[in-house]
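Structure record follows, encoded as structure tokens.
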Amino acid sequence: LEEGIVPGGGVALLNAVSSVKLDTYEGDERTGAAIIVRALEEALRQLAYNAGLEGSVIVDQVRRAKKGQGLNVDTGEIEDLVAKGIIDPTMVTRSALQNAASIAKNILTTEAIVAEAPEKAGAGGGMPDMGGMGGMM
598 LEEGIVPGGG
608 VALLNAVSSV
618 KLDTYEGDER
628 TGAAIIVRAL
638 EEALRQLAYN
648 AGLEGSVIVD
658 QVRRAKKGQG
668 LNVDTGEIED
678 LVAKGIIDPT
688 MVTRSALQNA
698 ASIAKNILTT
708 EAIVAEAPEK
718 AGAGGGMPDM
728 GGMGGMM
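In structure tokens form, the structure reads like this:
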């Protein structure tokens with residue numbers, strides 16, 4: 598792999614949180630930095646939720662775990678993900694983060710966004726007629 602590998606399962610993104618120094622910002626900049634922190638945690642939080650676990654609890658556990666450890670969704674345990682083969686290519690993780698930042702920047706600097714309105718789902722079909730004995734009335 599061109600740029601190497603990082604632990605999978607959102608651990609590399611969670612490790613990047615330490616690069617965001619919230620205490621160096623004030624006001625709107627601090628709010629923006631807090632949003633970035635939350636976004637970096639979200640991959641792990643969503644994996645935990647999909648596994649039937651509480652995402653915020655898992656994020657906290659992984660933060661306190663040894664470097665390279667994360668949630669193995671198959672076992673529900675915090676484990677060394679690289680040793681278990683749960684890895685991501687560094688280039689893919691880096692590109693995803695760069696693209697997300699680029700999209701966020703475009704949204705923030707755009708005065709209007711055009712999107713499709715979500716379709717409202719109609720009521721589900723009812724139970725079919727149960728048959729019965731016609732003409733009994």
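Here our numbering = 1-based position in the sequence shown + 597. Built from N, CA and C at the ideal position, the CB exists for glycine as well.
L650 and G673 closer than 9 Å at C-beta: Against the sequence shown, residue 650 aligns to sequence position 53. Against the sequence shown, residue 673 aligns to sequence position 76. Contact: yes.
C-beta contact flag for G682 and G607 at 9 Å: As a working note, residue 682 is residue 85 in the sequence shown. As a working note, residue 607 is residue 10 in the sequence shown. Result no, Cβ atoms of G682 and G607 do not sit closer than 9 Å.
Enclosing alpha helix (DSSP H) for V656 [first to last residue]: Numbered from 1 along the sequence shown, position 59 holds the residue referred to as residue 656. First-last of the alpha helix (DSSP H) with V656: 652-661.
When S616, T621, T687 are compared against E599, the one with the closest alpha-carbon: Locating residue 599 in the sequence shown gives position 2, where the first residue counts as 1. Nearest of S616, T621, T687 to E599, Cα basis: T687.
Top-ranked residue by Cα proximity to K664, from G652, A698, V654, L678: Locating residue 664 in the sequence shown gives position 67, where the first residue counts as 1. Cα-wise, what sits closest to K664 is L678.
Beta-carbon gap between I602 and D685 smaller than 9 Å: Sequence index remark: in the sequence shown, residue 602 carries index 5 (1-based). Sequence index remark: in the sequence shown, residue 685 carries index 88 (1-based). Yes, they are a contact pair.
DSSP three-state assignment for E623, whether helix, strand or coil: Here residue 623 refers to the residue found at position 26 when the sequence shown is read from its first residue. DSSP places E623 in coil when its eight states are reduced to three.
Rounded straight-line distance, which links the Cα of N696 to that of S615: Here residue 615 refers to the residue found at position 18 of the sequence shown. Here residue 696 refers to the residue found at position 99 of the sequence shown. Straight-line Cα distance between these residues: approximately 20 Å.
Minimum length 4: unbroken alpha helix (DSSP H) runs contained in the region 676-706: 687-706
A640 versus G605 - alpha carbon distance: For this step, residue 640 is matched to residue 43 along the sequence shown. For this step, residue 605 is matched to residue 8 along the sequence shown. The straight-line gap from Cα to Cα measures roughly 10 Å.
N-terminal and C-terminal residue of the beta strand (DSSP E) that V603 is part of: Sequence index remark: in the sequence shown, residue 603 carries index 6 (1-based). Looking at the DSSP string, the run of the beta strand (DSSP E) that includes V603 is 602-604.
Backbone secondary structure at G665 - three-state DSSP: For the purposes of this step, residue 665 is taken as the residue at position 68 of the sequence shown. DSSP places G665 in coil when its eight states are reduced to three.
Secondary structure of E708, DSSP reduced to three states: For the purposes of this step, residue 708 is identified with residue 111 of the sequence shown, where counting begins at 1. DSSP places E708 in coil when its eight states are reduced to three.
Residues that DSSP places opposite E674 in a beta bridge: Translated into positions along the sequence shown, residue 674 becomes position 77. BP columns for E674 point to N669.
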